[in-house]
């Protein structure tokens, strides 16, 4: 959000009075917008937090949290969700990195087609996708069918719009074809190319795709419930029907769970980018 | 730019070049024939420039040589080896690309070392070799910079060092200078030539810039519609083009109407008698079109009945004059600056021939 501010400031120096008049008006205006947007996000969270710490007669209590942490199901469902999430991330990366790379290097004309396919889960209702996946994998052995592995397979498909896009845009930001050809002419095979050249240069996309996929897995309710798996979100809904303050506490925990890694990674990446672009080239 | 020590050590990383041969190479992209039975033979240690307009197949020829494109038919031979079916990674060809191709995640030094790392050389050997090569291209002090911290010219120097690090048998450069500004372009061009001569490596250089080709090549291969039009020294290509296309593409040329006088002379309108090569089969009196370079036409002096002076542009050592004859045909003439007085304050001039016609063709 803070990046909006520096974009506007340079024009004050170059342009005439007109634009600085606009800016004089604009400066408070953008703080108003930022505040409103901020409130929109923060108020529900703060109220939820307040509610979750509310005991009898408006007293402060952390009992909602202690009770939750004391529940065996809290840990088991959280563990299940994390397990499914990690599995989904690995499956997604193993499937998509070679696909995206291959499409860019060998089949550039099919890029649009693949992009369209990746967006299908947004268009097709998730119930339909779920049934489709179940039907497709019906013949598979029981290790997959009827275990959380099937959930990972579902999520790979459902998270495709996010994961594919993240990877595709990071691959597009580098001249992949030339880099591959340069590597090949220097004697590198595909494995070495992938290890030394491709993966390091699309790291941002890989991390982005991983976070988005993981966050999706940790928050998905419908499919998990449909397939009778008690994942973390399913547990959240069950708790919500019995104890309201625990449900709110639970959703706050879930929020922190996805938000903290996102914030850390965003910070680490923006710092690296800033330090990399400090030296100016000279001939 | 380069220390004498490096020059003395030149032999350490040079290897004598190998001859390269294209034999009837063809390559089609869908319905378009990028290469049609393309034949070319380069001697060991030679710098061949592939020159031609875009779409003439020059880059395809280069990519076929580098193994980045497989030919539909024909053979590519390096030294005594038929490399046609070898993948790029096994060919040992150093390549410099048109676009900046350095690995963005590696420093200049790491980029140069990449080919050696892939080959499993020890860090110590890699380091000393990348040091030598970065010194060769004058960038020793920039070893630890990342590509985005280097200018375009510096990036292409690193790319050259990277291509040379693996001791390639052949060096191929695909329009390596086209993304650079004019000044850097000409200095880097000279530097590429110096390094190439020093290492004695057989080199293919693709460009669409005729000036670049004339300046750098041992021999120029002029390409047109997927085929080789002419392979000859820059001087021969310029003064003795094999085809009309070569005459038009390399340098400027006038097309003037004329009439054959005998086996060595043709009477050209406005210019007078012009000599031509006698291997053509025209009979005296045939109407022909004569291709003449601007510098092969001289200005005799003012003549109100002659060609009108339309424009003059001063190019330093020469002056380019655009004339209009009485039939409204444009004629381009280049005269030495020392003759500037001939056209000073003059409205129309008469011309004479100062050199051979490039080509004579029937009308």
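Chains as they are written, first to last, in the working numbering: chain C, 1 to 283; chain S, 1001 to 1363.
Ideal Cβ placement from N, Cα and C applies to all residues, glycine included.
As the structure is a prediction and not an experimental result, all values here were calculated from the model.
Identify every residue that forms a DSSP beta bridge with residue i.
i, result
"residue 155 of chain C", "None; residue 155 of chain C has no bridge partner."
"residue 1307 of chain S", "S/1349"
"residue 1255 of chain S", "S/1291"
"residue 1048 of chain S", "S/1204, S/1219"
"residue 1113 of chain S", "Answer is none; residue 1113 of chain S lacks a bridge partner."
"residue 1196 of chain S", "None, per the DSSP bridge assignment."
"residue 1330 of chain S", "S/1324"
"residue 1361 of chain S", "S/1289"
"residue 1302 of chain S", "S/1349"
"residue 1318 of chain S", "S/1336"
Return the chain-ordered list of same chain residues with a C-beta closer than 7 Å to the C-beta of residue i, the five sequence neighbours on each side being excluded.
i, result
"residue 1178 of chain S", "1098"
"residue 1117 of chain S", "1126"
"residue 1063 of chain S", "1069"
"residue 277 of chain C", "Bear in mind that a pLDDT of 46 at residue 277 of chain C, under 50, signals an unreliable position, so the number given afterwards is only what the model happens to contain. Excluding positions up to five away in sequence, the list is empty."
"residue 1250 of chain S", "1210, 1222, 1237, 1238, 1241"
"residue 263 of chain C", "none"
Anything in chain S within Cβ reach of residue i, meaning under 7 Å, just list it in chain order.
i, result
"residue 166 of chain C", "Those do not exist, as residue 166 of chain C stays about 18 Å from chain S at its closest Cβ, beyond 7 Å."
"residue 197 of chain C", "1103"
Since I believe residue j is in contact with residue i (beta carbons under 8 Å), could you give me their beta-carbon distance rounded to a whole number of angstroms?
i, j, result
"residue 1221 of chain S", "residue 1050 of chain S", "5 Å"
"residue 1356 of chain S", "residue 1276 of chain S", "6 Å"
"residue 154 of chain C", "residue 133 of chain C", "5 Å"
"residue 161 of chain C", "residue 121 of chain C", "6 Å"
"residue 293 of chain C", "residue 234 of chain C", "Outside the displayed range of chain C (1 to 283) lies residue 293 of chain C, so it cannot be described from this structure."
"residue 163 of chain C", "residue 202 of chain C", "The Cβ separation is near 13 Å, so there is no contact."
"residue 92 of chain C", "residue 231 of chain C", "The Cβ separation is near 17 Å, so there is no contact."
"residue 1104 of chain S", "residue 1147 of chain S", "5 Å"
"residue 1358 of chain S", "residue 1291 of chain S", "4 Å"
"residue 1131 of chain S", "residue 1140 of chain S", "7 Å"
"residue 1163 of chain S", "residue 1171 of chain S", "6 Å"
"residue 1225 of chain S", "residue 1056 of chain S", "6 Å"
"residue 1159 of chain S", "residue 1102 of chain S", "6 Å"
"residue 249 of chain C", "residue 72 of chain C", "So it is not a contact: roughly 17 Å between Cβ atoms."
Show which residues of chain C have a CB atom less than 8 Å away from the CB atom of residue i.
i, result
"residue 1101 of chain S", "175, 178, 179, 181, 182"
"residue 1097 of chain S", "178, 181, 182"
"residue 1088 of chain S", "181, 184, 185"
"residue 1093 of chain S", "185"
Quick one: which chain C residues come within Cβ less than 7 Å of residue i?
i, result
"residue 1115 of chain S", "186, 187"
"residue 1166 of chain S", "186, 187"
Take residue i and list the residues in its own chain whose beta-carbon comes closer than 8 Å to its own, dropping the five residues that flank it on each side.
i, result
"residue 1072 of chain S", "1026, 1027, 1028"
"residue 61 of chain C", "53, 54, 55"
"residue 1354 of chain S", "1295, 1296, 1297, 1298"
"residue 1343 of chain S", "1299, 1309, 1312, 1319, 1321, 1335, 1349"
"residue 219 of chain C", "233, 254, 258"
"residue 1180 of chain S", "1152, 1153, 1156, 1188"
"residue 1307 of chain S", "1270, 1323, 1324, 1325, 1326, 1331, 1348, 1349, 1350, 1351"
"residue 13 of chain C", "Residue placement at residue 13 of chain C cannot be trusted, given a pLDDT of 40 that sits under 50; what the coordinates show is reported in the next sentence. Correct list: empty, nothing qualifies."
In chain order, what residues of the same chain have a beta carbon less than 6 Å from the beta carbon of residue i, not counting five sequence neighbours either side?
i, result
"residue 967 of chain S", "Residue 967 of chain S lies beyond the range of chain S shown here (1001 to 1363); nothing can be said about it."
"residue 114 of chain C", "103"
"residue 1211 of chain S", "none"
"residue 945 of chain S", "Residue 945 of chain S is absent from the structure shown; chain S starts at 1001 and stops at 1363."
"residue 159 of chain C", "213, 216"
"residue 1021 of chain S", "1041, 1077"
"residue 81 of chain C", "218, 231, 232"
"residue 86 of chain C", "none"
"residue 1010 of chain S", "Reliability fails at residue 1010 of chain S, whose pLDDT of 39 lies under 50, so the model's placement of it is uncertain and the value that follows must be treated cautiously. Only 1198 meet the Cβ criterion."
"residue 1173 of chain S", "1096, 1205"
List the residues of chain A whose Cβ lies closer than 7 Å to the Cβ of residue i, in chain order.
i, result
"residue 192 of chain C", "Any reference to chain A falls outside this structure, whose protein chains are C and S."
Name, please, each residue of chain S whose Cβ falls closer than 9 Å to the Cβ of residue i.
i, result
"residue 200 of chain C", "1103, 1104, 1105, 1106"
Run through chain C and tell me which residues come within less than 9 Å of residue i, C-beta to C-beta.
i, result
"residue 1068 of chain S", "181, 184, 185"
"residue 1192 of chain S", "Those within 9 Å of residue 1192 of chain S in chain C number zero; the least Cβ separation is about 16 Å."
"residue 1162 of chain S", "182, 186"
Any heavy atom of the ligand GDP closer than 8 Å to the Cβ of residue i?
i, result
"residue 256 of chain C", "In terms of ligand content, the structure shown is empty, and the ligand GDP therefore cannot be addressed."
* **Every unbroken beta strand (DSSP E) within the stretch 1130 to 1190 of chain S, with a cutoff of 3 residues, ordered by chain** => You should have 1170 to 1174.
* Entirely enclosed beta strand (DSSP E) segments - the stretch 1058 to 1096 of chain S, minimum 3 residues -> Counting whole runs of 3 or more residues, the stretch 1058 to 1096 of chain S contains the beta strand (DSSP E) stretches 1073 to 1078, 1093 to 1096.
* **alpha helix (DSSP H) runs contained entirely in the stretch 23 to 60 of chain C, provided each spans 4 or more residues** => DSSP runs (the alpha helix (DSSP H)) wholly in the stretch 23 to 60 of chain C: none.
* Going along the chain, which unbroken runs of the alpha helix (DSSP H) with 4 or more residues stay wholly within the stretch 113 to 182 of chain C? -> Entirely contained in the stretch 113 to 182 of chain C, the alpha helix (DSSP H) runs reaching 4 residues are, in chain order, 126 to 136, 148 to 158, 160 to 172.
* Quick one: complete beta strand (DSSP E) runs, 3+ long, within the stretch 80 to 112 of chain C? -> Here no run is fully enclosed.
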